[in-house]
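The structure under discussion appears below in the form of structure tokens.
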Amino acid sequence: MPNTEHILGTDYLGRDVWSRLLYGGRYTLGGAFISTLLAVVTGSTLGLISVSSNSYFNQAILAVIHAVLAIPGLLLALTVLTLMGQGSLALYFAVGIAQVAPIALVVRSASQQIGVTDYVLAAHAMGSTRTAVLRRHILRGIWSVLRAYGLVVFSYAIMNGAALSFLGFGDPGQPDWGIMLSEGRNSFRVASWPAIAPGLAIVVTLMLMNRLADRLPR
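Residues in the sequence shown are numbered consecutively from 776, following the working numbering.
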């Protein structure tokens, strides 16, 4: 139970919940950042390649993206993680790969909308190369969309990473919030805070990220 010495109490092994919550946040948020970075870089690259390639290659990439989108993100991450094995790096990679297709579709759609604007058409008419237009106009134009959607992906990465850790696919030696939640449920009737604290941390963080994404200028 919470007391003056342990503000959130201790777990079943006598470890301070508040200290583990702060320490575990480094792994949960840091892992989500790695997953988001992987998803944004890979997805943006695929989306831009799709827009700038010929029609056949474009349709092939689009077909793959839609096929992957038909699979729920958590299920896709679980499949990748099953193939790669247990561990923190494998978990971060699996969560990131699961978000590549949505980002690729968002980047592709935003790039197509910017590609038909007057200033982009004028740049083509003035003889600018496809690479120059992509670098000077398309990338600048999709930045605001990618920034906002990146926060949404970061929220998904936190949620999916915690869910997979809760299911036992994380590293037991790293006290991330999902593992803390899984350990806390075993003693929930005796001491509820070891489970409530990481659960609240996940919920509050997701709410803050989504609120921040809504406030960003498009």
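Quick reminder that beta carbons are idealized off the backbone N, C-alpha and C, glycines included.
query: Are the beta-carbon atoms of Val815 and Leu921 separated by less than 8 Å?
result: Between Val815 and Leu921, the C-beta gap is smaller than 8 Å, which places the two residues in contact.
message: Check whether the segment 854-864 and the segment 819-836 touch, using three or more Cβ-Cβ pairs below 8 Å as the test.
response: The answer is no - the segment 819-836 does not touch the segment 854-864, with fewer than three Cβ pairs under 8 Å.
message: Suppose contacts are defined by Cβ-Cβ distances below 8 Å. Is Gly890 in contact with Ile913 by that definition?
response: Cβ atoms of Gly890 and Ile913: closer than 8 Å.
- prompt: What first and last residue would you give for the alpha helix (DSSP H) that runs through Met901?
  reply: According to the DSSP assignment, Met901 belongs to no alpha helix (DSSP H), since it is labelled neither H nor E.
- prompt: Do the segment 836-845 and the segment 871-884 touch if we need at least three Cβ pairs shorter than 8 Å?
  reply: With the cut-off at 8 Å, the segment 836-845 and the segment 871-884 touch.
message: As an exercise, report each continuous alpha helix (DSSP H) stretch of at least 4 residues that is fully enclosed by the segment 817-903, in chain order.
response: Counting whole runs of 4 or more residues, the segment 817-903 contains the alpha helix (DSSP H) stretches 830-844, 848-859, 863-872, 875-890 and 893-900.
message: Whole angstroms are fine: how far does the CA of Val979 sit from the CA of Ala937?
response: Taken atom to atom, the span from the alpha-carbon of Ala937 to that of Val979 is near 14 Å.
- request: Evaluate Val881 with the Cβ neighbour count: other Cβ atoms within 10 Å of its Cβ, from every protein chain shown; 16 or more gives buried, anything less gives exposed.
  value: Answer is buried; the Cβ neighbour count reaches 16.
message: Using C-beta distances below 8 Å, list every residue in its chain close to Leu926, excluding the 5 sequence neighbours before and after it, in chain order.
response: The residues are Met984, Asn985, Leu987, Ala988 and Leu991.
query: Measuring CA to CA, which of Gly822, Val870, Ala865 and Arg801 is closest to Asn935?
result: Comparing Cα positions, the closest option is Val870.
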